[in-house]
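Below: one structure, written as structure tokens.
Numbering (the numbering used here), first residue to last: 122 to 333.
Structure (structure tokens):
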């Protein structure tokens, strides 16, 4: 049976260039990251070509901060890391400007943890800058205590990629994800269409590691 990701990549591979050119930033982020993922997994250049088509149709950096992860992944995997400074500066500026509300801040954290996951560790100064921003904003989010799917995702993935201590944060993220799942709140998001599935994926990864 075809998985959702397999279905999406199949549809993307059949998508004409004019349709790719009309993708909005959220769609470009989701499909672009999918193309990069399949390229990394298979080494097949057809996926890289699709990622290149999507990237070429977008601006230098996205207006929507939640679309930034694809730009970082593309620069790392398909590009030459030439736009790292612009991406990192934009993420820093967004945090410095403040957020309209907790939901916007938590959506930013979900995007930021994906940007950090996409950056090359070899560019350590930029990696360190972003992780410092992440920890600062996360501290504020936890102090306020408003649970959203995006915040659960940001915590769980932060644990899974090693920028948070599992001993300190894993239980918080797992409890939050479990609570959101049980109450149905995990479906109430307007920022990332597949955030619920990705949160549960991070939850399962963490649970699997802890059970070994």
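Cβ atoms here follow ideal geometry from the backbone N, Cα and C, with glycine treated the same way. Note that the structure is a prediction, hence the values are computed from the model and not measured.
**Study point:** Buried versus exposed, by CB contacts within 10 Å (16 or more), residue 135
**Key:** exposed
Check your understanding: Exposed or buried, which one is residue 160 when buried takes at least 16 other CB atoms within 10 Å?
Key -> buried
Review point. How about residue 227 and residue 275: are their beta carbons less than 8 Å apart?
Key: yes
Review point. Between which two residues does the alpha helix (DSSP H) containing residue 187 stretch?
Key: Run containing residue 187: none; DSSP gives neither H nor E here.
Check your understanding: Among the residues of its own chain, which have a CB less than 8 Å from the CB of residue 252, if the five just before and after it don't count?
Key -> 237 and 284
Exercise for review: Mind checking which residues open and close the alpha helix (DSSP H) that includes residue 269?
Suggested key: Looking at the DSSP string, residue 269 is not in any alpha helix (DSSP H), and its letter there is neither H nor E.
Review point. Whose C-alpha, out of 145, 280, 209 and 154, is nearest the C-alpha of residue 180?
Key: 145
Point to revise | Pair within 8 Å by beta-carbon distance, residue 277 and residue 320 | key: yes
Exercise for review: For the alpha helix (DSSP H) containing residue 174, list its first residue and its last residue.
Suggested key: 166-177
Check your understanding: Excluding sequence positions up to five away, which residues of its chain have a Cβ less than 7 Å from the Cβ of residue 220?
Key -> 226 and 229
Review point. How would you call residue 310, buried or exposed, if buried means at least 16 neighbouring beta carbons within 10 angstroms?
Key: Low per-residue confidence applies at residue 310: pLDDT is 40, beneath 50, and the placement is therefore not dependable enough to give any value.
Check your understanding: Per the contact definition of three or more C-beta pairs closer than 8 Å, is the segment 125-144 in contact with the segment 160-175?
Key -> yes
Review point. Roughly how far, in whole angstroms, is the beta-carbon of residue 330 from the beta-carbon of residue 297, given that I think they are within contact range, below 8 Å?
Key: So it is not a contact: roughly 18 Å between Cβ atoms.
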